[in-house]
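Everything below concerns the one structure shown next.
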Amino acid sequence: MDIGTVTERASPRQFGPKDDLPEEYRKAATRMIQFHANSEIMGAYLERPFIRQAPSLDRKLAFSAKVQDEIGHGQLLYRAAENLGVKTRGQMLDELANGEGKFLNCFHYPMTEWWETPMIGFFVDGAAMRRQATLKKTSWEPYAHAMDKICFEEGFHIKHGESILRELATGSRKEQELVQDAFEEWWPRILQFFGPTDDQSTHHDFASAVGLKTMGNDELRQAFLNAYLPKARKYGLEIPEYPRINEGEDGRYEVVEDDLDWDEFWQIAKNDYGPGRQQIDSRKAAREAVAWVRESMETPGSGPGSDTGDTPQAAD
Amino acid sequence: MIWEVFRQEQRGKYHTHCGNVHAPDKEMALMFAQIQHGRRRPTHSLWVTPREEIGEVDAEETSFGGTTDKSYRWAMTFNTDEDFAAEIAASQREQEAAERERAERGDDAEGGGGNAEGGAEEGESA
């Protein structure tokens with residue numbers, strides 16, 4: 014199939030592993046799905062410490078279920094990407110470990126405090142869910158199938174995130190202040206979630222022409238703001254003055270792009286942002302620490318104690 | 037030799053189990069599958085796989101979803117509203133449907149209740 018045919022036929026769930034697709038399509042789809050899969054994994058690592066740090070048993074259970082789901086989503090997506098025949102799962106996981114694999118801007122920032130968790134669990138996941146719902150209509154069938162299962166599960170994640178936000182926002186004065194501080198810190202990053210405006214997005218045209226993407230960054234950002242700005246206000250969060258968000262007469266929001274730190278954004282996009290590097294390296298260390306588990310599954314009898322005498326390590 | 041047959045009705049939909057055929061090899065299995073399972077019902081693609089290659093675990097051997105209370109895994113547990121965003125509402129509707137099906141089937145999982153085909157979702161991750 015040539016690009017012309019692909020563009021002509023492009024529609025939801027149109028292409029699968031049996032189709033002879035041009036390299037350009039397969040590479041673009043791989044880039045997109047690998048990015049998505051990497052983000053699931055890096056997001057899970059960011060939230061994992063809160064299984065321990067959560068203030069109640071209910072929250073611990075929900076966080077452990079959520080982290081488990083996200084790792085599962087990563088696995089589903091690596092399978093969907095692997096089907097394109099460009100990269101193997103092993104290659105993609107290696108790339109993530111050695112700093113070549115790209116992932117969402119928000120997951121490059123450290124998250125250390127409990128009151129920060131709704132910033133990821135409600136706002137970032139909500140933004141991701143908005144985008145993922147549109148990807149049920151992507152032209153790469155295995156990707157759409159992964160989305161069916163991911164979207165099924167994701168409702169719990171976002172409601173859990175909102176439940177934490179509500180608890181903090183209706184809690185003590187101190188809690189309200191802390192969640193407001195966290196919001197101010199995270200809000201600009203959340204606004205950058207959907208990337209720069211479409212006219213500056215490098216991969217948008219091709220991906221939408223071949224049906225991989227069904228909605229542009231601008232439209233997604235609008236839809237997100239329409240649903241989530243009122244939520245932030247409902248919980249008494251004050252929207253920072255900067256970055257400015259202008260509301261047009263038609264009810265459309267316009268983020269003043271110049272108010273956002275695009276140097277930092279592009280630095281992150283290249284995996285060159287210091288704190289992000291640390292996240293990458295700490296996941297790499299966790300992966301290496303439990304290499305013995307994978308090895309002993311693949312080669313029974315080769316586990317620790319069998320010949321090396323090493324003490325088995327845990328991921329953390 | 038027995039081959040299990042999976043039919044996909046339309047491009048982009050899921051292959052779902054629809055029966056099995058006797059055949060000495062894959063090629064013959066594909067031919068019989070077309071005749072037995074692809075003639076009347078709308079069919080876009082068929083898969084065949086040797087029955088002995090299929091692994092199975094059933095409700096006799098395990099308790100799917102575990103035996104402890106896992107309500108913390110469900111959107112319905114959290115009483116914030118879901119209708120502020122269509123995609124969250126859709127996710128919750130799917131979870132409610134899955135929970136209803138589980139409740140209706142109860143412990144009487146015997147007989148399998150046909151195929152659990154809704155087009156997509158099975159619930160939790162591994």
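Chains as they are written, first to last, in our numbering: chain A, 14 to 329; chain B, 37 to 162.
Here a beta-carbon is modelled for each residue, glycine too, at the ideal position from N, C-alpha and C.
Under DSSP, the alpha helix (DSSP H) around residue i begins and ends at which residues?
i: E175(A); result: 154-182
i: P201(A); result: 186-204
i: L148(A); result: 138-148
i: R300(A); result: 287-302
i: Q131(B); result: 122-141
i: I1(A); result: Any property of residue 1(A) remains undetermined from this structure, which presents chain A solely from 14 to 329.
i: W279(A); result: 275-282
i: I46(A); result: 36-60
i: E63(B); result: 62-73
i: V80(A); result: 70-95
i: E232(A); result: 230-247
Does residue i pass the burial test, meaning 16 or more other C-beta atoms within 10 Å, or should it be called exposed?
i: W199(A); result: buried
i: R39(A); result: buried
i: R202(A); result: buried
i: A41(A); result: buried
i: A152(B); result: Confidence at A152(B) is low in this model, with a pLDDT of 40, below 50, so the placement of that residue is unreliable and no value is reported for it.
i: P410(A); result: Because chain A in this structure spans residues 14 to 329, residue 410(A) falls outside the shown range and cannot be described.
i: V164(B); result: Since the first and last residues shown for chain B are 37 and 162, residue 164(B) lies out of range.
i: K149(A); result: buried
i: A95(B); result: exposed
i: D138(A); result: buried
i: I362(A); result: Since the first residue shown for chain A is 14 and the last is 329, residue 362(A) is missing from the structure and cannot be characterised.
Along chain B, which residues have their Cβ under 8 Å away from the Cβ of residue i?
i: R102(A); result: Within 8 Å Cβ-Cβ: nothing; R102(A) doesn't reach chain B, min ~15 Å.
i: M142(A); result: A121, E123, I124, S127
i: A146(A); result: A122, E123, A126
I want to see whether chain D comes within less than 7 Å of residue i, judged by CB atoms only; does it?
i: L97(A); result: Among the chains of the structure shown, chain D does not appear; the protein chains present are A and B.
Can you give me the C-alpha to C-alpha distance between residue i and residue j, rounded to a whole angstrom?
i: W305(A); j: P325(A); result: 7 Å
i: E88(B); j: E132(B); result: 35 Å
i: M64(B); j: H58(B); result: 9 Å
i: W128(A); j: F120(A); result: 16 Å
i: D15(A); j: P155(A); result: 20 Å
i: K49(B); j: R26(A); result: 8 Å
i: L97(A); j: Q189(A); result: 47 Å
i: A93(A); j: H170(A); result: 22 Å
i: R186(A); j: G249(A); result: 12 Å
i: A139(B); j: Y122(A); result: 42 Å
i: P78(B); j: R43(B); result: 9 Å
i: A245(A); j: E251(A); result: 8 Å
i: E45(B); j: P30(A); result: 17 Å
i: R265(A); j: R234(A); result: 10 Å
i: D276(A); j: D285(A); result: 11 Å
i: D329(A); j: L59(A); result: 13 Å
i: G56(A); j: R141(B); result: 35 Å
i: A121(B); j: A240(A); result: 6 Å
i: R22(A); j: E301(A); result: 44 Å
i: E160(B); j: P86(B); result: With a pLDDT of only 38 at E160(B), under 50, the local geometry of the prediction cannot be trusted, and the value read off the model is given with reservation. Straight-line Cα distance between these residues: approximately 27 Å.
i: G114(A); j: M37(B); result: 45 Å
i: V303(A); j: I84(A); result: 15 Å
Starting from residue i, find everything on chain A with Cβ-Cβ shorter than 8 Å and list it in chain order.
i: F120(B); result: A240, P243, K244
i: F114(B); result: F169, K172, H173, E175, S176
In chain A, which residues lie with their C-beta within 7 Å of the C-beta of residue i?
i: A111(B); result: G168, F169, K172
i: E130(B); result: F165
Taking the alpha-carbon of residue i as reference, which of the options has the nearest alpha-carbon?
i: N230(A); options: D329(A), A67(A), A140(A); result: A140(A)
i: G17(A); options: L59(A), E36(A), K31(A); result: E36(A)
i: E175(A); options: I90(B), D119(B), E130(B), A139(B); result: D119(B)
i: V19(A); options: G224(A), P256(A), E180(A), E270(A); result: G224(A)
i: R144(A); options: V303(A), R61(A), I84(A), F207(A); result: F207(A)
i: E130(B); options: R141(B), D117(B), M112(B); result: M112(B)
i: A327(A); options: A75(A), T312(A), R296(A); result: R296(A)
i: E135(B); options: A125(B), N115(B), C54(B), S107(B); result: S107(B)
i: L82(B); options: W110(B), F114(B), L66(B); result: L66(B)
i: I64(A); options: K149(A), D107(A), E126(A), F28(A); result: E126(A)
i: N118(A); options: L204(A), D294(A), S221(A), A236(A); result: L204(A)
i: Q88(A); options: E53(A), Q104(A), I133(A); result: E53(A)
i: P253(A); options: E262(A), G261(A), V269(A); result: V269(A)
i: L333(A); options: W110(B), T98(B), S127(B); result: It is not possible to answer for residue 333(A), since the shown part of chain A is limited to 14 through 329.
i: M45(A); options: P256(A), K79(A), T227(A); result: T227(A)
Could you spell out the range, first to last residue, of the beta strand (DSSP E) harbouring residue i?
i: G112(A); result: Careful: G112(A) lies outside any beta strand (DSSP E) and carries neither H nor E.
i: S81(B); result: 81-86
i: I38(B); result: 38-44
i: G55(B); result: 52-58
i: Y122(A); result: Y122(A) -> no beta strand (DSSP E), and no H or E assigned at all.
i: Y266(A); result: 266-268
i: E251(A); result: Where E251(A) is concerned, there is no enclosing beta strand (DSSP E), given that its DSSP letter is neither H nor E.
Just the chain B side, please: which residues come within less than 7 Å of residue i by C-beta, in chain order?
i: A78(A); result: Y108, R109
i: H49(A); result: Those do not exist, as H49(A) stays about 16 Å from chain B at its closest Cβ, beyond 7 Å.
i: P25(A); result: G48
Which chain A residues are close to residue i, counting only those with a beta carbon under 9 Å from its beta carbon?
i: F100(B); result: Ordered by position in chain A, no residue passes the 9 Å Cβ test against F100(B), which lies about 16 Å from the chain.
i: Q70(B); result: Within chain A, no residue comes near Q70(B); the closest Cβ sits about 16 Å away, beyond 9 Å.
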